[in-house]
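S.K.: Top to bottom, those sequences are chains A and B.
If you read the first sequence in my numbering, its first letter stands for residue 10, the second for the next number, and so on.
If you read the second sequence in my numbering, its first letter stands for residue 84, the second for the next number, and so on.
A single structure is presented below for examination.
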Amino acid sequence: MKNRALSIKKLSVSFKMNGQYYKAVDNIDLDIMENEVFAIVGESGCGKSATAMSILRLHNENYTKIEGEINFGGKDLVSISEHGLNKIKGKEIGMIFQDPLSALNPLHRIGKQIEEMFVIHTNLNSLDRKNRALELLEDVGIPNPEIAYNSFPHELSGGMRQRIIIAIALSLSPSLLIADEPTTALDVTIQAQILDLMRDLKEKSKASVILITHDLGVVAEMADRVAVMYAGQIVELANVDEIFENPKHPYTKSLLSSIPRKSKSTNRLNTIFGSVPDLMNMPRDGCRFSSRIPWINEKEHEENPKLQEIEPNHFVRCSCYKNFHFQDSSIEKVKEKE
Amino acid sequence: MANILEVKNLKVYYPIKGGLMGRTIGHVKAVDDISFAIGEGETVGLVGESGCGKSTTGKAILGLVKIHSGQIVFNGEDITKYIGKNRSPYRKNVQMIFQDVYSSMNPKERVLDIIAEPLRNFEKLTKVEERKKVEELLSIVGLSSSNILKYPHQFSGGQRQRIGIARALALKPKLIVCDEPVSALDLSVQAQVLNYLKDIQEEFGIAYLFISHDLGVVEYMCKNLMVMHKSRFVEKGTEDTIYKNPVHIYTKRLMAATPDLDTKNRQKNAEIRKKIAEEYENSKSRYYKEDGTVYDLKKLSEEHYVAMP
C-alpha cells in the first residue's frame, strides 16, 4: 500500500455573493497517493479549480471560506499560519497554471524568475543559482538554455512559456505538483510534448500530481486515478481504466458519449439535458444530477446520496446509476455495437 | 456535384511598417498561395496550429481581410472584386460563426436586434414579420422565443454560440465559415452545438468551411480535410486517404498528438510520438524547402494531395 501524499477531509469552499456564502465545493474527501497522477475532471463551474486553489489557499480570503482539513506532511493547510504556508508553497507543493503568460512577470528575465525560488527557499549563492536554473531549463527541454535564461516572457512561444512555468514549479523538487489545466491554452502538438514531459519528470522525481482538466483525452493519456466532479461534489472516483471502460454514474457516461471521435461521423453526439445550475441556484438536497436526467424516475435517486464503493476502489454517488439509460436510445445501441 | 466556392491561388500578406515614414518594409505571408474548392452542402475541415493562417483564410473568404492576390469564385462567378463590399449579394450568401461569439455581439443590443441585423440589411420586412422570423430562427437552434428581448450577457456560452448560429442562418446562406465554433465550450455544450450544425446542414443544404485545431471535432464533422502549416497546405484529402494514411510528417505529428481515449494505448502512443518527433527532426529537408517553407502540393491520387518535392 502506498502512502498518502495529501489527504483532504470534508473540504468545503464557499464564495461570498451578495453578502451570502455559497458552497462551490461541498464536503469532499480525497486521498492523493505518493507518485500518482490524480485527475479531477468536470465542466466549468463544477468546483475542480476551486478545490485545487484551496490546497494552497490561493483564493481571496475576503470572499472565501474554507472549511475542513487538508493534511499534508503532518500539517493542516487550512489552519496553518500564513508564514507556515509560505514555507510549503513552491518548496513542497508546486503549482502550474493554465495561462503561462499571466503567471510570469513580464518585466523580469526568465532566469531571474526561476532563481526567485532559490532566493526565497535556499541559501545558494548566485553562481549556484544560475547553474541550477540552467539545468532546470535543460530538463524541461528548452533548446538553448542560455538564451532562454536571458529572455523576457514575451519573447518565448506559448509552449516554451509553459515549460518555464513547469521548470519553476519543479525547481525545488516538490513532492506534490498541482497542474490546473496545464495544456488548455496550447496547440495539440505542443500539448502532447508538455504531457510527455510531465510524465517523464514525474517518473524521475517520484512526485504526485493533481491534474485539473476538462479534457477527457488528457485524462486518458495522463491519469492513474480520476475523480469526476459535478456541482461541487465528486460523483465518481475510480482508476482511469475503470472510468473509461466501465463508467457508472450517469454524468460520467454522458460526458464520455459526447466526445466527438474518429470515424463515427454518421452518429449524433449525446448532449446533456438542461444546463449546469449556477452557484446561487444549485440544488443542495438529493441527487444534484437529477435535474439533468428528468426521464429517470425520481424513486431511482437516493434522498441523501453519498459516495459508495460499489466495486473495489470504484466509488459512485447516488443509486440512480443502477437503472440509468440515455433518453435517446440510439446512443446506447451504438455503444453495444462497438 | 457543383462547387459552391472555389479559391484559386489565394495570398494574404500583412504589411510590416517601419522606417522613417512608416513605409512598408516587408510582408508577413499569412496565407501564401493556396487553392481549394467546397462543394454544395459539403463540409470541408481546415486544421493546423495557431498562427498557421487558417483563420486568415476564413476571413479572406468573407472579405474581412484584404486579399493580396488570387481569385475567389462563388457559384461559378468570379466575385473577387465585390468581396468586402457592403450589401453585395455575395455577403448574403456567405456567413461566419466566430470562436468568441460574445465579442462578436454588441452588448447593448437585444437578441432581436442581433439576429435581425442581417435581415434589416438585405430584406425589407415589417416589424411583425421580422419578429416572427427571429422567433423562427431561435427555435431552429433550440432557444425559446421568450429570450428575444434579453441581452447577450444573460446567456451561457453555449446559448450565445447558438444565437451566433441563428444570426448566421438568418439570410439562408449557401456557405458558412465556422472559425473554431466550439473550442471555447464545455464538452456537453460542444456536442449540442455540433449536433445543431449537422442538423441545419441537412435541412438547408449549407456548405461549411470548418476551421479548428481539434482533430477529433474535425473528424466528426468533415469528410474532407485540409492540413495547413506555415501559411500553406501540407496535405489535402478525404476520410479514406488522409485519416488512414497520412503522408506528410506534419500531418503525422498532428495525428499522433491527438489524445487517445483508450488508456491501454498510452505507452504505445508516447513511443509513436517519440518516433515521429525524431523523424521530423531528421527528415526536415525532405518535407520542407531549404528556407523552411512548404513545397507545392503534389497529386498522390484523385483525392489525396501532399506537399512534397
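Where a beta carbon is used, it is the ideal one built from N, C-alpha and C, also for glycine.
Keep in mind it's a predicted model, so treat the numbers as computed, not measured.
#1: Could you confirm whether any beta carbon from chain B is found closer than 8 Å to the beta carbon of A/R297?
#2: Which chain B residues sit within Cβ distance under 7 Å of A/T198?
#3: Output the distance between the C-alpha atoms of A/T261 and A/A157, rounded to the nearest integer angstrom.
#4: Looking only at C-alpha atoms, which of A/S266, A/A33, A/L145 sits nearest to B/A274?
#5: Taking only the alpha-carbon atoms, compute the straight-line gap between B/A390 and A/G99 and give it to the nearest angstrom.
#6: Going along chain B in order, which residues have a C-beta closer than 8 Å to the C-beta of A/S267?
#7: With a threshold of 8 Å between beta carbons, is A/F335 in contact with chain B?
#8: Hey, is the segment 48-68 of chain A in contact with the segment 283-294 of chain A, meaning 3+ C-beta pairs nearer than 8 Å?
#9: At 9 Å on the CB atoms, spell out the chain B contacts of A/D40, in chain order.
#10: Can you list the residues of chain B that A/I281 reaches, using a CB-CB cut of under 7 Å?
#11: Taking the C-alpha atoms as reference points, what is the distance between A/A236 and A/I243?
#12: Going by Cα to Cα distance, which pick from B/L308, B/K168, B/K357 is closest to B/K327?
#13: Consult DSSP for B/C399 and reduce its assignment to one of helix, strand or coil.
#14: Run down chain B in chain order and give the residues with a C-beta less than 7 Å from the C-beta of A/F253.
#15: Any idea what DSSP makes of B/M311, helix, strand or coil?
#16: So B/S152 and B/I294 are supposed to be a Cβ contact under 8 Å. How far apart are they, rounded?
#17: Expressed to the nearest angstrom, what Euclidean distance is found between the alpha-carbon atoms of B/P172 and B/A251?
#18: Would you call the segment 179-198 of chain B in contact with the segment 237-247 of chain B, where contact means no fewer than 3 C-beta pairs closer than 8 Å?
#19: Which residue or residues does DSSP assign as beta-bridge partners of A/I105?
#20: What whole-angstrom Cβ distance do A/S21 and A/D35 have, given they're in contact under 8 Å?
#21: Cβ of A/N306 versus every heavy atom of the ligand ATP: is any distance shorter than 7 Å?
#22: Pull up the CB-CB distance for B/H393 and B/I325, whole angstroms please, since I reckon it's below 8 Å.
#23: Would you say B/R356 reaches chain A, if we count a Cβ-Cβ gap shorter than 8 Å as a contact?
#24: Check the Cβ of A/E43 against every Cβ in chain B and list those closer than 8 Å, keeping chain order.
#25: Please report the straight-line C-alpha distance between B/E263 and A/L136, rounded to a whole angstrom.
#26: With 16 other CB atoms within 10 Å as the buried threshold, where does B/G101 fall?
#27: Name the two residues that bound the continuous beta strand (DSSP E) containing A/H130.
#28: If we ignore side chains and look at the alpha-carbon of each, how far apart do B/N230 and B/I246 end up?
#29: For the segment 149-183 of chain A, which residues have a beta carbon sitting closer than 7 Å to at least one beta carbon of chain B?
#30: What's the C-alpha gap between B/N176 and B/I87?
#31: Roughly how many whole angstroms lie between the Cα atoms of A/L116 and A/L165?
#32: Is the distance from the Cβ of B/F205 to the Cβ of B/L254 below 8 Å?
#33: Does the Cβ-Cβ distance between A/I41 and A/F106 come in under 8 Å?
#34: When you compare the CB of A/N237 with every CB in chain B, is at least one pair closer than 8 Å?
#35: What is the DSSP secondary structure of B/K357, reduced to helix, strand or coil?
#36: Taking the beta carbon of B/E318 as the centre, do at least 16 other beta carbons fall within 10 Å, making it buried, or is it exposed?
M.R.: If we stick to the structure as given:
#1: For A/R297, the answer is no, since every Cβ of chain B falls outside 8 Å of its Cβ.
#2: Within chain B, the residues near A/T198 are E132, R336, L337, A340.
#3: Distance between the alpha carbons of A/T261 and A/A157 is about 42 Å.
#4: Closest by alpha carbon: A/S266.
#5: B/A390 and A/G99 have their alpha carbons spaced roughly 47 Å apart.
#6: Simply L270, S271, Q273, A274.
#7: It does not; no Cβ of chain B falls within 8 Å.
#8: A contact exists between the segment 48-68 of chain A and the segment 283-294 of chain A.
#9: Listed along chain B, no residue sits closer than 9 Å to A/D40 by beta-carbon distance, the nearest being about 21 Å off.
#10: Within chain B, the C-beta atoms nearer than 7 Å to that of A/I281 come from S271, in chain order.
#11: For A/A236 and A/I243, the distance between alpha carbons rounds to 6 Å.
#12: With distances taken between Cα atoms, B/K327 lies closest to B/L308.
#13: Beyond the ends of chain B as shown, which are 84 and 392, falls residue 399 of chain B; an answer cannot be given.
#14: L344, T346, listed in chain order.
#15: Of the three classes helix, strand and coil, the one that applies to B/M311 here is strand, per DSSP.
#16: Not a contact, Cβ separation roughly 22 Å.
#17: Cα-Cα distance, rounded: 15 Å.
#18: Yes, they touch.
#19: Here A/I105 is bridged, per DSSP, to A/A188.
#20: Going by Cβ atoms, the distance from A/S21 to A/D35 rounds to 6 Å, so yes, they are a contact pair.
#21: The model depicted lacks the ligand ATP and carries no ligand whatsoever.
#22: This structure leaves residue 393 of chain B out entirely; chain B is present only between 84 and 392.
#23: Closer than 8 Å: yes.
#24: What A/E43 touches in chain B: nothing, since even the nearest Cβ is about 20 Å away.
#25: Their Cα atoms are separated by approximately 47 Å.
#26: Looking at its Cβ environment, which holds fewer than 16 other Cβ atoms inside 10 Å, B/G101 is exposed.
#27: Not the beta strand (DSSP E): A/H130 falls in the alpha helix (DSSP H), residues 119-130.
#28: Spanning the alpha carbons of B/N230 and B/I246 requires a straight line of approximately 10 Å.
#29: Within the segment 149-183 of chain A, no residue qualifies.
#30: Spanning the two alpha carbons is a distance of roughly 10 Å.
#31: Those two C-alpha atoms are separated by around 14 Å.
#32: Contact: yes.
#33: Taking 8 Å as the cut-off, the beta carbon of A/I41 is found no closer than this to the beta carbon of A/F106.
#34: The question names Asn, yet the displayed sequence has Val at residue 237 of chain A. With its beta carbon at least 8 Å from every one in chain B, A/V237 lies outside the interface.
#35: In the structure shown, B/K357 falls within a helical segment according to DSSP collapsed to helix, strand and coil.
#36: Counting Cβ neighbours within 10 Å, B/E318 comes out buried, since at least 16 surround it.
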